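Residue numbers (this note's numbering): 140 to 394. Before any comments, here is the structure.
See the structure below:
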């Protein structure tokens, strides 16, 4: 009798329902059916990726909040009374070997700004002069202001891209041209650099130490890369983190 009871004891312990509330039961069920859960998450990931690609990637930057706010009323007043001051501004920065005030450099800057002023959706262009204060004290850096006729998403992306292309085509050794401002940032695509690589490496080490499994570590990494062109967005990481956390918790309970 004692041998039979001892043999049945592990079976009784395995049949005891898990504790910890609904989240614990869900984690235990996910651990027992981990292959099914993994396949289900892969299907969800594929469906989410397909839905994202079908929805498109157009960036929206509409923060108007309607027409009742004071800021929106001020913006509407500018568009009606001072259209030349109502649009977003892009800075065109020149870094020159020769002084900016020299005749040769002034001609080159004018050769850049003149065609930009004729581009569609460009309302005004203000070049760097000593009176405007757009020249650095050493005289080798200056910037011009390119104002568009609209703001936010109302500025077509191709119009901003034409300004960028026109300005950068004039860059030469000793005459560097760079652009900045909200319109430029809205059309530029983020580039993968050293900081992103270091962040991914740190995430790999932390997840590997936390989960103790290469597969569990790789799941949020792959999910983040598949869901977004930027690996720094946190939403896909969280979507993959919670089922893995439940699996780990259930494994610790059953162990």
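A virtual CB, placed ideally from N, CA and C, is assigned to each residue, including glycine. Please read all numbers here as calculations on a predicted model, not as lab measurements.
- Helix or strand or just coil, what does DSSP make of residue 255? Correct three-state label for residue 255: helix.
- Item | Length of the line joining the Cα atoms of residue 276 and residue 249 | 21 Å
- Item | Contact check, residue 226 vs residue 292, beta carbons under 8 Å | no
- Query: Does the segment 253-273 come close enough to the segment 351-362 to have 3 or more Cβ pairs within less than 8 Å?
  - Reply: At 8 Å Cβ cutoff, the stretches do not touch.
- Message: Going by DSSP, what residue range makes up the beta strand (DSSP E) through residue 281?
- Response: Run containing residue 281: 280-287, per the beta strand (DSSP E) assignment.
- Query: If we count Cβ pairs, one from each stretch, closer than 8 Å, do we get three or more for the segment 233-247 versus the segment 311-321?
  - Reply: Yes: the two stretches touch, three or more of their Cβ pairs being nearer than 8 Å.
- Task: Take the Cβ of residue 285 as the centre, count every other Cβ of all protein chains shown within 10 Å, and call the residue buried at 16 or more, exposed below.
- Result: buried
- Item | According to DSSP, residues forming a beta bridge with residue 261 | 287
- Boundaries (first-last residue) of the beta strand (DSSP E) holding residue 319: 314-319
- Specify the secondary structure class of residue 240 as computed by DSSP and reduced to three states. coil
- Query: Does DSSP put residue 234 in a helix, in a strand, or in coil?
  - Reply: strand
- Message: Alpha carbons only, please: which of 335, 348 and 298 is nearest the one belonging to residue 325?
- Response: 298
- Beta-carbon proximity of residue 296 to residue 228, cut-off 8 Å: Against a cut-off of 8 Å, the Cβ pair of residue 228 and residue 296 comes out as no contact.
- Message: Between the alpha carbons of residue 283 and residue 334, how many angstroms are there, rounded?
- Response: 31 Å
- Residues bridged to residue 228 by DSSP? 286
- Nearest-angstrom Cα separation, counted from residue 173 out to residue 393: At residue 393 the pLDDT is 46, less than 50, meaning the model places this residue with poor confidence; the figure from the coordinates comes in the next sentence. Each residue's alpha carbon lies about 14 Å from the other.
- Task: For the alpha helix (DSSP H) containing residue 294, list its first residue and its last residue.
- Result: Taken as a continuous stretch (DSSP letters only), residue 294 belongs to no alpha helix (DSSP H), as it is neither H nor E.
- Message: What does the alpha-carbon distance come out to for the pair residue 436 and residue 162?
- Response: With the chain represented from 140 up to 394, any question about residue 436 goes unanswered, as that position is not in the structure.
- With respect to the alpha helix (DSSP H) encompassing residue 276, which residues constitute its N-terminal and C-terminal limits? Careful: residue 276 lies outside any alpha helix (DSSP H) and carries neither H nor E.
- Message: I need the boundaries of the alpha helix (DSSP H) containing residue 333, first residue and last residue.
- Response: Start and end: 333-350.
- Is the Cβ-Cβ distance between residue 341 and residue 360 less than 8 Å? no
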